[in-house]
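Residue numbers (this note's numbering): 6 to 306.
No residue lacks a Cβ here, since even glycine has one placed at the ideal position from N, Cα and C.
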């Protein structure tokens, strides 16, 4: 078996261990003796749990409970406007979901399918509100401090948009400025607006929406946006850039706002109290768990 395949196999084996972190996966994959490295990780994990199993369980439960509380509240609040079935549309590993406007507006970016869906519950002035929602979606910055996934808090539109260069207008031209964004939003609302019906506690509601796609090479473009960061840490850790890119592709499809029920956050899907804590200790020399806000930052993750 070639060395490249051996590294990937070793990483895959590590991933099968309960709680195996991305950092541990990399350690196995880059070890001269992957089998021994895998055994060492398994042994150290068992030892840690033997010394303080109650603490490990307590911390994991606490982090999981906080995640469940945030997701539960988001589903509850969105459900008041969208109904039980629609409220299941929540953020995920490869899907960005953001509610705004008292939960009446919803943006869904599917990184696997390369689609962007902007929806607004029918009400007075819905066309203008949908246009503003498109503008907001296309100008949402690649900055975790500006976006609260777990509420309807409005987005602060400062900094580089995270969808920049991933969307072109109806003529295939780049969207480089706010004026370009507003023209394209006008076009979408005037030409692509559709409506559908949803059930909210037995009452039918109308949803106005527009759907458009990212460019065909959106995954490659997203990877390029993180190339400098990957190159930087590949050099300092001696981990293959190809391996880092592969892990990000599998874990989040380059969605910087990726979340999952582990609970894990960010590009490489680190769990604060396991992989995140280990990575933070190695990088900062401090034994503490990073926050979800810290892990949403691509550079930190």
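* Note down, in chain order, each residue of its chain lying with its Cβ closer than 8 Å to the Cβ of residue 257, except the 5 sequence neighbours on either side. => Position 252 of the chain shown holds residue 257. Within its own chain, the residues whose Cβ lies closer than 8 Å to the Cβ of residue 257, once the five positions on either side in sequence are excluded, are 98, 99, 116, 263, 271, 272, 273 and 274, listed in chain order.
* **Unbroken beta strand (DSSP E) run spanning residue 209, endpoints** => Sequence index remark: in the chain shown, residue 209 carries index 204 (1-based). Here the beta strand (DSSP E) through residue 209 covers 208-218.
* Would you mind stating whether residue 160 and residue 90 have Cβ atoms separated by less than 9 Å? => Position 155 of the chain shown, counted from the first residue, corresponds to residue 160. Position 85 of the chain shown, counted from the first residue, corresponds to residue 90. No, these two residues do not count as a Cβ contact at 9 Å.
* **Opening and closing residue of the alpha helix (DSSP H) in which residue 229 lies** => Within the chain shown, residue 229 is the residue found at index 224, counting from 1. Annotation for residue 229: the continuous alpha helix (DSSP H) segment containing it runs 223-230.
* To do: Following the continuous beta strand (DSSP E) through residue 103, name the residue where it begins and the one where it ends.
  => As a working note, residue 103 is residue 98 in the chain shown. Where residue 103 is concerned, the enclosing beta strand (DSSP E) stretches over 100-105.
* To do: Give the range of the beta strand (DSSP E) segment to which residue 95 is assigned.
  => As a first step, residue 95 must be located in the chain shown, where it is residue number 90. No beta strand (DSSP E) holds residue 95; DSSP gives it neither H nor E.
* **Same chain, Cβ closer than 7 Å to residue 304, neighbours up to 5 away in sequence not counted** => To locate residue 304, count along the chain shown from 1; it is residue 299. Closer than 7 Å at the Cβ level, and outside the excluded window around residue 304, lie 234.
* Within 10 angstroms of its Cβ, does residue 92 collect 16 or more other Cβ (buried), or is it exposed? -> Counting from one through the chain shown, the residue named residue 92 turns up at place 87. Under the 10 Å beta carbon count, residue 92 is surrounded by 16 or more other beta carbons and is classified as buried.
* **Selected residue, minimal CA-CA separation from residue 302, among 128, 127, 149 and 76** => Within the chain shown, numbered from 1, the residue matching residue 302 stands at position 297. Of the listed residues, the one whose Cα sits closest to residue 302 is 149.
* Excluding the 5 residues preceding and the 5 following residue 134 in the sequence, name in chain order all residues of the same chain whose CB lies nearer than 6 Å to its CB. => Sequence index remark: in the chain shown, residue 134 carries index 129 (1-based). The beta carbon of residue 134 lies closer than 6 Å to those of 125 in the same chain, with the five residues before and after it left out.
* Tell me whether the beta-carbon of residue 121 lies closer than 9 Å to the beta-carbon of residue 114. => Residue 121 sits at position 116 when you count from the first residue of the chain shown. Residue 114 sits at position 109 when you count from the first residue of the chain shown. Result yes, Cβ atoms of residue 121 and residue 114 sit closer than 9 Å.
* Asked: In the DSSP assignment, what are the bridge partners of residue 112?
  -> On the chain shown, residue 112 is found 107 positions in, with the first residue counted as 1. For residue 112, the pairing in a beta bridge is given by DSSP as 103 and 123.
* Closest to residue 196 by CA distance: which of 181, 215 and 67 is it? -> Residue mapping note: residue 196 aligns to position 191 of the chain shown, counting from 1. Closest option to residue 196, Cα to Cα, is 215.
* **Contained alpha helix (DSSP H) runs [length at least 4] in the stretch 139-171, N- to C-terminal order** => List check, alpha helix (DSSP H) in window: nothing returned.
* To do: Tell me whether the beta-carbon of residue 185 lies closer than 9 Å to the beta-carbon of residue 178.
  => Position 180 of the chain shown, counting from 1, holds the residue named residue 185. Position 173 of the chain shown, counting from 1, holds the residue named residue 178. Cβ distance < 9 Å, so residue 185 and residue 178 count as in contact.
* Going by CA-CA distance only, name the one from 212, 299 and 287 that's closest to residue 269. => Looking up residue 269 in the chain shown gives position 264. Comparing Cα positions, the closest option is 299.
* To do: Kindly indicate which three-state DSSP category residue 80 falls into: helix, strand or coil?
  => On the chain shown, residue 80 is found 75 positions in, with the first residue counted as 1. The answer is helix: DSSP assigns residue 80 an H, G or I state.
* Asked: CB residue 152 to CB residue 190, shorter than 9 Å?
  -> Here residue 152 corresponds to residue number 147 of the chain shown, with the count starting at 1. Here residue 190 corresponds to residue number 185 of the chain shown, with the count starting at 1. Result no, Cβ atoms of residue 152 and residue 190 do not sit closer than 9 Å.
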